[in-house]
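A.B. asks: Pasting a structure below so you can have a look.
In the working numbering, the protein residues as written are -7 to 122.
So, in C-alpha cells, the structure goes:
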C-alpha cells in the first residue's frame, strides 16, 4: 500500500489602508421662492464635489439663518423668512467633513444679495405687495 502526500498552501494578501486624501471643496448658495417678508424661502447650498457629510451654516452678517443643515449628496437647505425689506447679503459656509479616509475642506460661498419686498402671506400663497 502506498500513501500519497498532499500539501496545500494558502496565501493571504493584505492591502494597506488607503491614504487619506485632502479634498478642496466649493460652496454655492441660491434661493428658491419669492423673497418677501412673511413668506418663507428655501436657502440652498451646493457643495462640490458632491458627497454626504458635514453641515452648512447660512448667515447674513453675523446672524445665523436657521440651524446648521446636513449635507446630503452635496446639497444642504434651510427654510427662512426674512422679517425686513431691502437687500440682504447671504453666505453659506460648509463646515468640512471626514468621509471614509477623505478629508473634505471647509469652504464659504460668495455673497448672494437677496432683495426682499413687502409680502402678504395668505397661507397657501405668498404675494409681494410693494
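In this text, a Cβ means the ideal position worked out from N, Cα and C, and glycines have one as well. Being a predicted model, the structure only gives us computed values, none of them experimental.
Measure the C-alpha to C-alpha separation of residue 111 and residue 25 and round it to an integer number of angstroms.
C.D. replies: Counting from 1 along the chain shown, the entry for residue 111 is found at position 119. Counting from 1 along the chain shown, the entry for residue 25 is found at position 33. The alpha-carbon separation between residue 111 and residue 25 amounts to approximately 12 Å.
A.B. asks: Return the residue from the list 27, 104, 4 and 96 that minimises the CA-CA distance to residue 42.
C.D. replies: Taking the chain shown and counting its residues from 1, one reaches residue 42 at position 50. The option with the nearest alpha carbon to residue 42 is 96.
A.B. asks: Taking 8 Å as the threshold, find out whether the stretch 86 to 101 comes into contact with the stretch 46 to 64 through three or more Cβ pairs.
C.D. replies: yes
A.B. asks: Measure the Cβ-Cβ separation of residue 69 and residue 100 and say whether it is below 7 Å.
C.D. replies: By one-based count along the chain shown, residue 69 stands at place 77. By one-based count along the chain shown, residue 100 stands at place 108. No, they are not a contact pair.
A.B. asks: Beta-carbon separation of residue 67 and residue 38 under 7 Å?
C.D. replies: As a working note, residue 67 is residue 75 in the chain shown. As a working note, residue 38 is residue 46 in the chain shown. The answer is yes: Cβ separation under 7 Å.
A.B. asks: Of all the options 29, 105 and 108, which has the alpha carbon lying nearest to the alpha carbon of residue 114?
C.D. replies: For the purposes of this step, residue 114 is taken as residue 122 along the chain shown, with counting starting at 1. Residue 114 has its Cα closest to that of 29, out of 29, 105 and 108.
A.B. asks: Roughly how many whole angstroms lie between the Cα atoms of residue 78 and residue 105?
C.D. replies: What you label residue 78 is simply residue 86 of the chain shown in a count that begins at 1. What you label residue 105 is simply residue 113 of the chain shown in a count that begins at 1. Approximately 10 Å, taken between the alpha carbons.
A.B. asks: Is residue 94 closer than 7 Å to residue 11 when the C-beta atoms are compared?
C.D. replies: Here the question's residue 11 lines up with position 19 in the chain shown. Here the question's residue 94 lines up with position 102 in the chain shown. In this structure, residue 94 does not lie closer than 7 Å to residue 11 by Cβ.
A.B. asks: At which residues does the beta strand (DSSP E) containing residue 121 begin and terminate?
C.D. replies: In the chain shown, the residue the question calls residue 121 occupies position 129. Segment: none, residue 121 is in no beta strand (DSSP E) and carries neither H nor E.
A.B. asks: In whole angstroms, what separates the C-alpha of residue 16 from that of residue 23?
C.D. replies: The residue labelled residue 16 in the question sits at position 24 within the chain shown. The residue labelled residue 23 in the question sits at position 31 within the chain shown. Taking the straight line from one Cα to the other gives about 24 Å.
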